[in-house]
Every structure is written in C-alpha cells, then in structure tokens.
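Residue numbers (this note's numbering): 179 to 317. Using N, Cα and C, we set each Cβ at its ideal position, and we do this for glycine too. To start, the structure under review is shown below, and the notes come after it.
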C-alpha cells in the first residue's frame, strides 16, 4: 500500500487548527496583504491555550496544514517572499504553479544526483570486495 504524501491530520489539527487557519487566511490576507509563516506560528503559540490546542505548534505543523489546504483544494493559498495569502487572481495562481513546478524539477535533480552518488558508492564497495591483498606474510 502506497503511503500518502502527508500523514493524516490529527483530529485536533482538523477540528481546531485548520478552521482557524482557513479563517485567518480568508479574513486577513489578499493579493496585497500577506502574512509570514513565522507571524502565524507565533500567533498560534500565543493563543494555543485560548483555542484549546494542547500540543506544541511549530513551523513544521504550520507547513503541514498549509500543504493540506493546497492538496485538498480548500483555498487558493499562495505564498511569496512576503508571506502567505489567498488570491483568486488567475495570473498569481499560474505563477505559483510555475514556481511549484520549478521546485519539483530542482528536487528531482537533487534526487537524481544522490541516486547517482549512491550507485557509485555501491559500485566501489562491490569492487573492494574482490580487491583483497592476498600477499600474506607468514613469519
């Protein structure tokens, strides 16, 4: 069975964090107003008790939630150097798609490079197995 791209969100993430994050993006961002991930993470950390979230909140959890939003088509969530925002501007969405495709190509190139190095190492190890110094000195 193939593992999903993401671990499923916990019930706390789905029931508490996700609705709040979606509301933040819908009500507090647009093409001109962006929120940084760090700012959102700090907000969640500061409001954790008030919203009833018990676990630690960090940038990895935030990225997991933003990816879930995108994967499931819950919002047209975009990001730039200025932060995250919701936009229905087709040009902005196309630009994000192009950016994702570029990142995917870069990741694929890095993966291909690591695979090539691994094959080289494995080849060297198999050669070393039979390259034994048989000149034993029995004195």
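Stretch pair the segment 288-297 + the segment 232-250: three plus CB contacts closer than 8 Å: no
Buried or exposed: where does residue 278 fall if 16 or more other Cβ atoms within 10 Å of its Cβ makes it buried? exposed
Based on the DSSP secondary-structure assignment, which residues constitute the bridge partners of residue 257? 262
Please name the residue or residues paired with residue 213 in a DSSP beta bridge. 262
As a quick exercise: from 304, 271, 303 and 190, pick the residue whose alpha carbon is nearest that of residue 226. 190
Short of 8 Å in beta carbon distance, which residues of its chain neighbour residue 179, apart from the five on each side in sequence? Order them along the chain. Because the pLDDT of residue 179 is 49, which lies under 50, any placement of that residue in the model is unreliable, and the question is left without a value.
For residue 196, name the three-state secondary structure that DSSP assigns. helix
Let me check understanding here. Comparing Cα to Cα, which of 237, 284, 210 and 230 lies closest to residue 256? 210
From residue 295 to residue 254, what does the alpha carbon distance come to, in whole angstroms? 39 Å
Backbone CA spacing between residue 245 and residue 305 [nearest angstrom]: Straight across, the Cα-Cα distance linking residue 245 with residue 305 is about 44 Å.
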